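Student: Counting with the working numbering, you get residues 4 to 123 for the letters of the sequence shown.
Glycine included, C-beta positions come from ideal geometry on N, C-alpha and C.
None of the values given here were measured: they were computed from a predicted structure.
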Amino acid sequence: MIPCCLLYVFVSVSSESRGQITVTQPGAVSSAVGGSVSIKCRTSQNVYSNYLSWYQQKNGGVPKLLIYYTSSRYSGIPARFTGSGSNSDFTLTISGVQAEDAAVYYFYHCQQHHNYPLTQ
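#1: Just grab the DSSP bridge partners of Asp104 for me.
#2: On the DSSP bridge assignment, give the partners of Ser87 in chain order.
#3: So for Ser52, helix, strand or coil by DSSP?
#4: Taking 8 Å as the cut-off, does the segment 21–39 touch the segment 66–82 (at least 3 CB pairs, one atom from each stretch)?
#5: Pick out whichever of Gly64, Ile70, Arg45 has its Cα sitting closest to the Cα of Trp57.
#6: Hey, Tyr108 and Gln60: beta-carbon distance below 9 Å or not?
#7: Apart from the five residues just before and just after Cys8, which ones in its own chain have a Cβ nearer than 7 Å to its Cβ?
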């Protein structure tokens, strides 16, 4: 089995009148091919989960939408990618990790509904 290292960072681009929302997460996760990995994100306050999405970026390219509305897979995204969570705790799970899943993963919260989700 070839080990596959999954690296990720999170960007919080939303703010509320009470101030900037901050995001807490570990620095990196890894998995062997065929394994399962969960990327967890915690926000400093409860957020509206309808406007939460996850993106995947490979080799500095354009980020690709994986999950929107917290748990809905975007068109063409394999079923091994699942999103879950509510309030201030959210998770992206990759089951049956493939070598091509090695990437940077972004958590995105949008305060406004217009132009959501951003498809790229």
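Tutor: If we stick to the structure as given:
#1: According to DSSP, which records beta bridges pairwise, Asp104 is partnered with nothing at all.
#2: DSSP, once it has assigned bridges, lists Thr94 as partnering Ser87.
#3: Helix.
#4: With a cut-off of 8 Å, the segment 21–39 and the segment 66–82 do not count as touching, because too few Cβ pairs lie within range.
#5: When only C-alpha atoms are compared, the closest one is Ile70.
#6: If you check the CB distance, Tyr108 and Gln60 come in under 9 Å.
#7: Caution applies to Cys8, whose pLDDT of 40 falls short of 50 and renders its modelled position unreliable; the value that the coordinates give is listed next. Ser33, Ala105.
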